[in-house]
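K.L.:
Residue numbers (our numbering): 1 to 598.
Next comes the structure, spelled out in structure tokens:
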């Protein structure tokens, strides 16, 4: 292993995997400062940018998951331990460098909320009452935590204040259905402002003052649009309805403009508009995916992930225009040589056209050795962001195929429900159909294709290996679901009812869920398998991996199991990412070799 650093191929791989990121911008409203997260030190921690330079804000050994900055320069942040997602809240005062613990003892989960308009009170939610439901709490700068102010079922987030005594809460009915509640802190009363029929997501409220706020919604629509709510009249109306999803949204400090991003075939487009949307202007941005927008005195900041630039923060302001303000270490990787994926649609088993991303290598000729990557969720989408594995594989000579099978987000309400519960097999067959299409195009050859995915992608990897055993040279399953019944029963109690909407209730659908579980089909898996799982995973417990490995070994099958002791549902520590992704690449290259000179 030590000698690998002298091999130019493995040195290049390690350099790619060591690339750092900057995300989660929080622009201050009354000073030219920006707080953001960077993993330059090895895990994501807060950094500060003040127009002259960037610098780590606090030395921390564990990752920070979220940030909220008050008008007074108080930074609230969440951190967990080794990926266990039991978030604790602290505050850091930029004015006197004081770090204060607010909530969380490592046994409960505390979700960070918004600061009040005067910057003296922080809202948050916590499941400390019963581990399942997230109630409403407030923290005052005097050092006092009050609550629960209101008890609420399910997952809730206090995301915006409308005045001194009232705030807005997002309540999730399911993963795809939500409402905006108004809480009155004088008496703890709650009012549902967005009651609706059918399924609808109501999110991203942004206070405009005078009892009005913008929000995103898809009530009576396939896609997320932008609406305005008038608390004085208790009514709302759409202001902007495109034929694709609006995602991030932010209001300018003077409340006169709004910025928002749209998901266009996976790529982000960024727009600004005046508040009544009579004039909408598209901004020119790098080709990639925007995750967050923040508008402060420094200007309109946004975090973007792009194959050509990595994960960085950009800013736009009147007069100065647009510029990149973070430059994370890239280890001399030539980012401009990275591959932008092609967006294609292929005909699936029933004639439905399914979207996919294809990363083609610049060397070799078809049919290429191939890797199929499966996204998680499943209510997610493979998008043209900067992703380590596809770029490395393409560099090594592989073609990478990434399907957005039915059930993926980004293509409307109808499409996202085409894989629910007993319909899951329809979605899994989309993966096999992608291979059939790619072979028909002369791009790949069955039997010379690896498959990999994490979380739901790990589940789909295993099911695909069982459904189409002759297609695969090997598989790599990461933090994946192996048994839908045990997964539902053992996942974090705060998640259980939300996951049952997607996968089913074991008490009512036991036979169907078992038939759709990889554990029932292991005899059909023929290709070598690698399994990677974090010990502290609260979403997909490590017991899923353990039962898989045990059953595969009983059958005498080739399985390589890596248990990661200091991670949860993913890899957040740079050293772990580098070492384990290199193990994945070795495994793929061993069983799916690139024929040099072909």
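Note that CB positions come from ideal geometry on N, CA and C, so glycine has one too.
1) Consult DSSP for residue 436 and reduce its assignment to one of helix, strand or coil.
2) Using the Cβ count rule (16 or more neighbours within 10 Å means buried), how would you classify residue 414?
3) Can you tell me where the beta strand (DSSP E) with residue 283 in it begins and where it stops?
4) Note down, in chain order, each residue of its chain lying with its Cβ closer than 6 Å to the Cβ of residue 390, except the 5 sequence neighbours on either side.
5) Quick check for students: name the residue ranges of the beta strand (DSSP E) that lie wholly in the stretch 206-250, counting only runs of 3 or more.
6) Measuring CA to CA, which of 374, 507, 387 and 484 is closest to residue 475?
7) Pull up the DSSP beta-bridge partners for residue 115, would you.
8) Contact between the stretch 473-488 and the stretch 96-111: three or more CB pairs below 8 Å?
9) Just tell me which of 472, 322 and 369 has its CA closest to the CA of residue 444.
10) Enumerate, from N- to C-terminal direction, the unbroken alpha helix (DSSP H) stretches of 4 or more residues contained entirely within the stretch 346-431.
11) Could you tell me the distance, in whole angstroms, from the CA atom of residue 518 to the CA atom of residue 406?
12) Ignore the nearest five residues each way along the sequence and tell me which others in residue 610's own chain have a CB closer than 6 Å to its CB.
13) Let me know if residue 598 comes out buried or exposed under the rule of 16 or more other beta-carbons within 10 Å of its beta-carbon.
14) At the level of alpha carbons, what is the spacing between residue 198 and residue 224?
15) Kindly give me the distance between the Cβ atoms of residue 62 and residue 39, rounded to whole angstroms, as I take these residues to be in contact under 8 Å.
16) Take residue 493 and list the residues in its own chain whose beta-carbon comes closer than 7 Å to its own, dropping the five residues that flank it on each side.
17) In terms of residues, what are the limits of the beta strand (DSSP E) holding residue 299?
18) Would you grab the beta carbon distance between residue 258 and residue 273 for me? Rounded to a whole angstrom, and I think it's under 8 Å.
19) Assuming residue 165 and residue 568 make a contact with CB atoms under 8 Å, what is their CB distance in whole Å?
20) Check for me: the alpha helix (DSSP H) holding residue 465 runs from which residue to which?
21) For residue 489, does the three-state DSSP call read helix, strand or coil?
22) Is the beta carbon of residue 501 sitting closer than 7 Å to the one on residue 203?
23) Can you tell which of 582, 355 and 115 has its C-alpha closest to the C-alpha of residue 159?
24) Are there 16 or more other CB atoms within 10 angstroms of the CB of residue 55, so buried, or fewer, so exposed?
25) Would DSSP call residue 324 helix, strand or coil?
26) Mind checking residue 296: buried by the 16 CB within 10 Å criterion, or exposed?
27) In chain order, what residues of the same chain lie with their CB nearer than 7 Å to the CB of residue 581, ignoring the 5 residues before and after it?
28) Which residue comes first and which comes last in the beta strand (DSSP E) that contains residue 473?
29) For residue 171, list the residues DSSP reports as bridge partners.
30) For the candidate residues 172, 304 and 468, whose alpha-carbon lies nearest to that of residue 446?
31) On the premise that residue 134 lies in contact with residue 156, defined as a C-beta separation below 8 Å, what is that separation, rounded to the nearest angstrom?
32) Going by Cα to Cα distance, which pick from 242, 28 and 113 is closest to residue 71?
33) Measuring CB atoms only, is the stretch 501-510 touching the stretch 532-550, in the sense that at least three cross pairs come out at less than 8 Å?
34) Quick check on residue 598: does DSSP put it in helix, strand or coil?
35) Is residue 349 buried or exposed, if buried means 16 or more other CB atoms sit within 10 Å of its CB?
36) Rank 242, 380 and 451 by C-alpha distance to the C-alpha of residue 419 and give the top, closest one.
P.N.:
So, from the listed chains and residues:
1) For this step, residue 436 is matched to residue 436 along the chain shown. Residue 436 carries a helical assignment under DSSP once its states are collapsed to helix, strand and coil.
2) Start at 1 with the first residue of the chain shown, and residue 414 comes out as number 414. With fewer than 16 Cβ atoms within 10 Å of its Cβ, residue 414 is classed as exposed.
3) The residue given as residue 283 occupies position 283 in the chain shown. Judged by DSSP secondary structure, residue 283 falls within the beta strand (DSSP E) whose first and last residues are 280-283.
4) Taking the first residue of the chain shown as position 1, residue 390 is located at position 390. The residues are 359 and 400.
5) 212-217, 225-230 and 235-240, all fully within the stretch 206-250.
6) Taking the first residue of the chain shown as 1, we reach residue 475 at position 475. Closest option to residue 475, Cα to Cα, is 374.
7) As a position in the chain shown, residue 115 is number 115, starting the count at 1. According to DSSP, residue 115 bridges with 122.
8) No contact exists between the stretch 473-488 and the stretch 96-111.
9) Taking the chain shown and counting its residues from 1, one reaches residue 444 at position 444. It is 369.
10) The stretch 346-431 contains these whole alpha helix (DSSP H) runs: 388-396 and 413-416.
11) Translated into the one-based positions of the chain shown, residue 518 becomes position 518. Translated into the one-based positions of the chain shown, residue 406 becomes position 406. Residue 518 and residue 406 have their C-alpha atoms some 19 Å from each other.
12) A query on residue 610 cannot be resolved here, the shown segment of the chain reaching from 1 to 598 and no further.
13) Position 598 of the chain shown, counted from the start, is the residue given in the question as residue 598. Note that residue 598 has pLDDT 44, beneath the 50 cutoff, so the model's placement of it is unreliable and no number is given.
14) Numbered from 1 along the chain shown, position 198 holds the residue referred to as residue 198. Numbered from 1 along the chain shown, position 224 holds the residue referred to as residue 224. Near 15 Å, if we compare the C-alpha coordinates of residue 224 and residue 198.
15) Taking the first residue of the chain shown as position 1, residue 62 is located at position 62. Taking the first residue of the chain shown as position 1, residue 39 is located at position 39. No, residue 62 and residue 39 are not in contact; Cβ-Cβ is about 12 Å, not under 8 Å.
16) Here residue 493 refers to the residue found at position 493 when the chain shown is read from its first residue. For residue 493, where only same-chain residues beyond five positions count, the Cβ hits under 7 Å are 131 and 132.
17) In the chain shown, the residue the question calls residue 299 occupies position 299. Run containing residue 299: 299-306, per the beta strand (DSSP E) assignment.
18) Within the chain shown, residue 258 is the residue found at index 258, counting from 1. Within the chain shown, residue 273 is the residue found at index 273, counting from 1. Contact holds; Cβ gap of about 5 Å.
19) Translated into positions along the chain shown, residue 165 becomes position 165. Translated into positions along the chain shown, residue 568 becomes position 568. About 38 Å separates the beta carbons of residue 165 and residue 568, which is beyond the 8 Å limit, so they are not a contact pair.
20) On the chain shown, residue 465 is found 465 positions in, with the first residue counted as 1. Note, residue 465: alpha helix (DSSP H), 456-467.
21) Counting from 1 along the chain shown, the entry for residue 489 is found at position 489. In the structure shown, residue 489 falls within a helical segment according to DSSP collapsed to helix, strand and coil.
22) As a working note, residue 501 is residue 501 in the chain shown. As a working note, residue 203 is residue 203 in the chain shown. Taking a C-beta distance under 7 Å as the contact criterion, residue 501 and residue 203 do not qualify as a contact pair.
23) Along the chain shown, one-based indexing puts residue 159 at 159. Measuring from the Cα of residue 159, the nearest candidate turns out to be 115.
24) Taking the chain shown and counting its residues from 1, one reaches residue 55 at position 55. So residue 55 counts as exposed.
25) As a first step, residue 324 is located in the chain shown; it is residue number 324 there, counting from the start. Of the three classes helix, strand and coil, the one that applies to residue 324 here is strand, per DSSP.
26) Along the chain shown, read from residue 1 onward, the residue named residue 296 stands at position 296. Buried, by the Cβ-count rule.
27) Locating residue 581 in the chain shown gives position 581, counting from the first residue. The residues are 17, 388 and 389.
28) The count along the chain shown starts at 1 and reaches residue 473 at position 473. It is not in any beta strand (DSSP E) - residue 473 carries neither H nor E in the DSSP assignment.
29) Locating residue 171 in the chain shown gives position 171, counting from the first residue. Paired residues: 156 and 179.
30) Position 446 of the chain shown, counted from the start, is the residue given in the question as residue 446. With distances taken between CA atoms, residue 446 lies nearest to 468 out of 172, 304 and 468.
31) In the chain shown, residue 156 corresponds to position 156, counting from 1. In the chain shown, residue 134 corresponds to position 134, counting from 1. With a Cβ gap of about 5 Å, residue 156 and residue 134 count as contacting.
32) Here residue 71 refers to the residue found at position 71 of the chain shown. Taking the Cα of residue 71 as reference, the smallest distance to any Cα among 242, 28 and 113 is reached at 28.
33) No, they do not touch.
34) What you label residue 598 is simply residue 598 of the chain shown in a count that begins at 1. Low confidence applies here, because residue 598 scores a pLDDT of 44, under 50, leaving its location unreliable; read the following figure in that light. Collapsing the DSSP output to three states places residue 598 in coil.
35) Numbered from 1 along the chain shown, position 349 holds the residue referred to as residue 349. When all chains shown are included, residue 349 counts as exposed.
36) Along the chain shown, one-based indexing puts residue 419 at 419. Among 242, 380 and 451, the Cα nearest to that of residue 419 is on 380.
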